[in-house]
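Heads up: the structure comes next, in C-alpha coordinates.
Residue numbers (my numbering): 302 to 430.
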(Lines of atoms letter the chains of each structure in order from A and count residues from 1; the text may use other names and numbers.)
(Lines give C-alpha, C1' and ligand atoms only; values in the text may rest on other atoms or scores of the structure.)
Protein backbone atom coordinates (compact mmCIF):
# COMPACT_ATOMS: atom_id res chain seq x y z
CA UNK A 1 0.00 0.00 0.00
CA UNK A 2 2.79 2.42 0.88
CA UNK A 3 4.54 1.79 -2.45
CA UNK A 4 1.53 3.08 -4.37
CA UNK A 5 1.51 6.31 -2.41
CA UNK A 6 5.14 7.05 -3.30
CA UNK A 7 4.81 5.97 -6.93
CA UNK A 8 1.84 8.25 -7.70
CA UNK A 9 3.64 11.48 -6.66
CA UNK A 10 6.71 10.38 -8.63
CA UNK A 11 4.58 9.85 -11.75
CA UNK A 12 2.94 13.26 -11.31
CA UNK A 13 6.35 14.88 -10.78
CA UNK A 14 7.76 13.16 -13.88
CA UNK A 15 4.77 14.40 -15.91
CA UNK A 16 5.25 17.96 -14.65
CA UNK A 17 8.97 17.82 -15.38
CA UNK A 18 8.29 16.59 -18.93
CA UNK A 19 5.69 19.34 -19.50
CA UNK A 20 8.11 21.93 -18.13
CA UNK A 21 10.85 20.60 -20.41
CA UNK A 22 8.53 20.72 -23.44
CA UNK A 23 7.65 24.34 -22.58
CA UNK A 24 11.32 25.28 -22.32
CA UNK A 25 12.12 23.46 -25.60
CA UNK A 26 9.22 25.08 -27.47
CA UNK A 27 10.10 28.57 -26.22
CA UNK A 28 13.83 28.15 -26.85
CA UNK A 29 13.29 26.82 -30.39
CA UNK A 30 11.80 30.15 -31.47
CA UNK A 31 14.63 32.29 -30.02
CA UNK A 32 17.16 33.80 -32.40
CA UNK A 33 17.44 35.66 -35.68
CA UNK A 34 14.90 35.10 -38.47
CA UNK A 35 14.46 36.39 -42.04
CA UNK A 36 10.96 36.82 -43.44
CA UNK A 37 10.29 34.73 -46.53
CA UNK A 38 9.34 37.72 -48.68
CA UNK A 39 12.73 39.36 -48.05
CA UNK A 40 11.21 42.44 -46.41
CA UNK A 41 12.32 42.00 -42.79
CA UNK A 42 14.68 40.37 -40.32
CA UNK A 43 13.79 39.98 -36.65
CA UNK A 44 15.40 38.89 -33.41
CA UNK A 45 13.14 36.90 -31.07
CA UNK A 46 14.19 37.08 -27.43
CA UNK A 47 12.65 36.96 -23.95
CA UNK A 48 11.23 40.26 -22.72
CA UNK A 49 9.87 39.98 -19.22
CA UNK A 50 7.67 36.88 -19.10
CA UNK A 51 6.85 37.20 -22.80
CA UNK A 52 8.78 36.91 -26.06
CA UNK A 53 9.49 39.90 -28.29
CA UNK A 54 10.13 39.87 -32.02
CA UNK A 55 12.11 43.04 -32.77
CA UNK A 56 12.76 44.20 -36.34
CA UNK A 57 16.52 44.35 -36.87
CA UNK A 58 16.38 45.18 -40.59
CA UNK A 59 13.67 46.37 -42.99
CA UNK A 60 14.06 46.46 -46.76
CA UNK A 61 14.56 50.05 -47.95
CA UNK A 62 11.37 51.61 -49.27
CA UNK A 63 8.98 49.71 -47.00
CA UNK A 64 6.69 52.34 -45.51
CA UNK A 65 4.73 50.59 -42.75
CA UNK A 66 7.61 48.99 -40.81
CA UNK A 67 10.94 50.14 -39.40
CA UNK A 68 13.89 48.71 -37.51
CA UNK A 69 13.20 48.65 -33.79
CA UNK A 70 9.46 47.92 -34.13
CA UNK A 71 8.47 45.02 -31.91
CA UNK A 72 5.74 42.46 -31.44
CA UNK A 73 5.15 41.23 -27.87
CA UNK A 74 4.05 37.59 -27.82
CA UNK A 75 2.45 35.76 -24.91
CA UNK A 76 2.59 32.17 -26.18
CA UNK A 77 2.42 28.71 -24.69
CA UNK A 78 3.32 25.32 -26.20
CA UNK A 79 0.36 23.65 -27.89
CA UNK A 80 2.26 20.82 -29.57
CA UNK A 81 5.75 19.45 -30.04
CA UNK A 82 6.83 22.35 -32.26
CA UNK A 83 3.93 24.77 -31.94
CA UNK A 84 3.23 27.77 -29.74
CA UNK A 85 -0.11 29.56 -29.56
CA UNK A 86 -1.39 32.61 -27.74
CA UNK A 87 -1.67 36.32 -28.31
CA UNK A 88 0.54 39.03 -29.71
CA UNK A 89 0.43 42.79 -29.25
CA UNK A 90 1.77 45.26 -31.80
CA UNK A 91 2.37 48.52 -29.87
CA UNK A 92 3.15 50.48 -33.06
CA UNK A 93 -0.35 49.80 -34.44
CA UNK A 94 -2.09 49.31 -31.07
CA UNK A 95 -3.45 45.94 -32.25
CA UNK A 96 -3.76 42.54 -30.63
CA UNK A 97 -3.75 39.26 -32.52
CA UNK A 98 -4.28 35.58 -31.90
CA UNK A 99 -1.04 33.95 -33.00
CA UNK A 100 0.28 30.48 -33.71
CA UNK A 101 3.90 29.66 -34.40
CA UNK A 102 5.18 26.42 -35.94
CA UNK A 103 8.94 25.92 -35.65
CA UNK A 104 10.85 23.18 -37.42
CA UNK A 105 14.64 23.47 -37.24
CA UNK A 106 15.63 26.34 -39.51
CA UNK A 107 12.11 27.28 -40.63
CA UNK A 108 9.16 28.87 -38.90
CA UNK A 109 5.62 29.81 -39.90
CA UNK A 110 3.66 32.42 -38.01
CA UNK A 111 -0.09 32.92 -38.36
CA UNK A 112 -1.78 35.96 -36.91
CA UNK A 113 -5.53 36.62 -36.85
CA UNK A 114 -7.60 39.68 -36.03
CA UNK A 115 -11.22 39.09 -35.08
CA UNK A 116 -10.66 35.38 -35.73
CA UNK A 117 -11.28 35.73 -39.48
CA UNK A 118 -8.68 38.11 -40.90
CA UNK A 119 -5.59 35.90 -40.87
CA UNK A 120 -2.17 36.00 -42.47
CA UNK A 121 0.60 33.40 -42.48
CA UNK A 122 4.26 34.28 -42.93
CA UNK A 123 7.21 31.97 -43.53
CA UNK A 124 10.59 32.60 -41.87
CA UNK A 125 14.11 31.16 -42.18
CA UNK A 126 16.58 31.05 -39.30
CA UNK A 127 19.70 33.14 -39.94
CA UNK A 128 22.98 33.18 -38.06
CA UNK A 129 24.22 30.24 -36.00
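Quick reminder that beta carbons are idealized off the backbone N, C-alpha and C, glycines included.
*Does DSSP put residue 329 in a helix, in a strand, or in coil?*
helix
| query | What residue from 377, 382, 396 and 395 has the CA that sits closest to residue 388's CA? | reply | 377
| message | Could you tell me the alpha carbon to alpha carbon distance between residue 426 and residue 404, rounded to whole angstroms? | response | 10 Å
*Is the CB-CB distance between residue 401 and residue 412 below 8 Å?*
yes
I'd like to check one pair, residue 373 with residue 355: are the Cβ atoms closer than 8 Å?
yes
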